[in-house]
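Residues 116 to 304 (this note's numbering) make up the sequence shown, in order.
All residues carry an ideal CB built from backbone N, CA and C; glycine is no exception.
Report on the structure given below.
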Amino acid sequence: MAGKSTSSLPEVHRFITDHDADGKAVFNKSVPEEGQWQPISDAANFFLAYTTHGFPIALNPAEKAPDVTSYKNDLETVKSLTVDNGSVLRFVDFAPDTEPIMHRTTSLDYGVVLEGAVECHLDSGEVKTLQRGDVCVQRATNHAWKNISENGGWARMMFVLLPSEAPVVGGKTLGLDLGSHMPDTVEPK
């Protein structure tokens with residue numbers, strides 16, 4: 116059930132720019148500005164803020180806004196964490212006091228802490244603490260996020276995910292691994 120986030124953090128609004136018939140910049144009104152959140156588990160809520168397909172990103176014919184049309188379709192159909200040959204902009208609200216879920220996607224991700232404090236756990240046992248404004252460049256590694264915000268508050272991160280090659284280490288390909296605890300709602304198509 117998509118809707119308002121169950122976190123205590125402020126709502127996220129998405130504003131998409133476009134062009135009018137004269138080529139002037141305007142705001143596209145075909146997608147609601149309010150975030151449509153999807154509860155993934157007791158641990159997190161996702162908001163799929165935008166997606167694209169292909170590089171470079173198709174903006175023409177401008178009158179038809181093909182990227183916006185594609186994103187509107189993805190809001191109904193995308194169930195994977197990444198998009199093949201495209202980009203994903205996602206917000207994630209992490210609940211306090213929940214166990215991190217170890218996972219790996221075949222993508223290069225920029226993860227920026229917007230609110231709270233978050234630990235990035237790697238399967239090697241290494242851990243880094245990220246504070247508001249910090250960024251983690253996650254390069255198709257097995258990782259997990261844990262909210263460690265003070266006073267039991269929610270944490271929010273923004274992620275940009277870009278498809279990547281699967282890393283090959285010691286002759287072994289390290290591909291998608293959603294772990295045994297990742298919910299079915301984010302299984303790849």
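If I follow the unbroken alpha helix (DSSP H) through residue i, where does it start and stop?
i, result
"V203", "Per DSSP, V203 belongs to no alpha helix (DSSP H); it is in the beta strand (DSSP E), 201-209."
Starting from residue i and walking both ways along the beta strand (DSSP E), at which residues does that stretch end?
i, result
"N143", "No beta strand (DSSP E) contains N143, which DSSP labels as neither H nor E."
"D133", "132-134"
"D182", "Not the beta strand (DSSP E): D182 falls in the alpha helix (DSSP H), residues 181-192."
"A270", "270-278"
"Q246", "Neither: Q246 is in no beta strand (DSSP E) and is coded neither H nor E."
"V233", "233-237"
"E178", "First-last for E178: undefined, no H or E at that position."
"A281", "Per DSSP, A281 belongs to no beta strand (DSSP E) and is neither H nor E."
Report all residues from its chain with a CB closer than 7 Å to the CB of residue i; omit the five preceding and five following residues, and keep chain order.
i, result
"D292", "H218, R219, N257"
"A173", "P181, D182"
"L204", "A164, Y165, V275"
"V193", "L163, T166"
"D249", "V228"
"D212", "G267"
"D137", "none"
Can you have a look at residue i and say buried or exposed, based on whether 16 or more other CB atoms are within 10 angstroms of its CB?
i, result
"Q70", "In this structure the chain extends from 116 to 304, so residue 70 is not present and cannot be described."
"Q153", "buried"
"V228", "buried"
"N262", "buried"
"F244", "Per the sequence presented here, residue 244 reads as Thr, with Phe not at that position. It is exposed - the Cβ of T244 has fewer than 16 other Cβ atoms within 10 Å."
"N175", "exposed"
"S222", "buried"
"E214", "exposed"
"P303", "A caution first: P303 carries a pLDDT of 32, below 50, which makes its placement in the model too unreliable to give a value."
"T197", "buried"
"N160", "buried"
"F170", "exposed"
Run through the DSSP bridge pairs and tell me what residue i is partnered with.
i, result
"F161", "Q153, V207"
"E230", "R271"
"N262", "V233"
"V252", "Y225"
"R219", "D292"
"T166", "V203"
On a CA-only basis, which of the options is nearest residue i? Give me that one, please.
i, options, result
"Y62", "K187, E178, G268", "For the chain, the structure presents residues 116 to 304; residue 62 sits outside this window and is missing."
"E149", "S120, H134, A140, S156", "S120"
"S239", "V233, S185, D249, A259", "A259"
"H236", "V146, P278, I216", "I216"
"E265", "S145, P125, K144, Q246", "Q246"
"L224", "G285, K139, F161, P278", "The question names Leu, but residue 224 is Asp in the sequence shown. Ranking the options by Cα distance to D224, first place goes to P278."
"A210", "M272, C251, V284", "M272"
Using a beta-carbon distance below 8 Å, is residue i in contact with chain D?
i, result
"V207", "Any reference to chain D falls outside this structure, which holds one protein chain only."
Near residue i, which residues of its chain fall below 6 Å by C-beta distance, leaving aside the five closest residues on each side in sequence?
i, result
"H134", "A177"
"T288", "A281"
"G141", "Checking the sequence shown, residue 141 turns out to be Val, not Gly. Answer for V141: D133, D135, listed in chain order."
"W269", "S122, S123, L124, D208"
Can you give me the Cβ contacts of residue i inside the same chain, cut-off strictly under 8 Å, excluding the 5 residues immediately before and after it?
i, result
"V242", "E234, C235, H236"
"H310", "The requested residue 310 is not part of the displayed model; the chain covers only 116 to 304."
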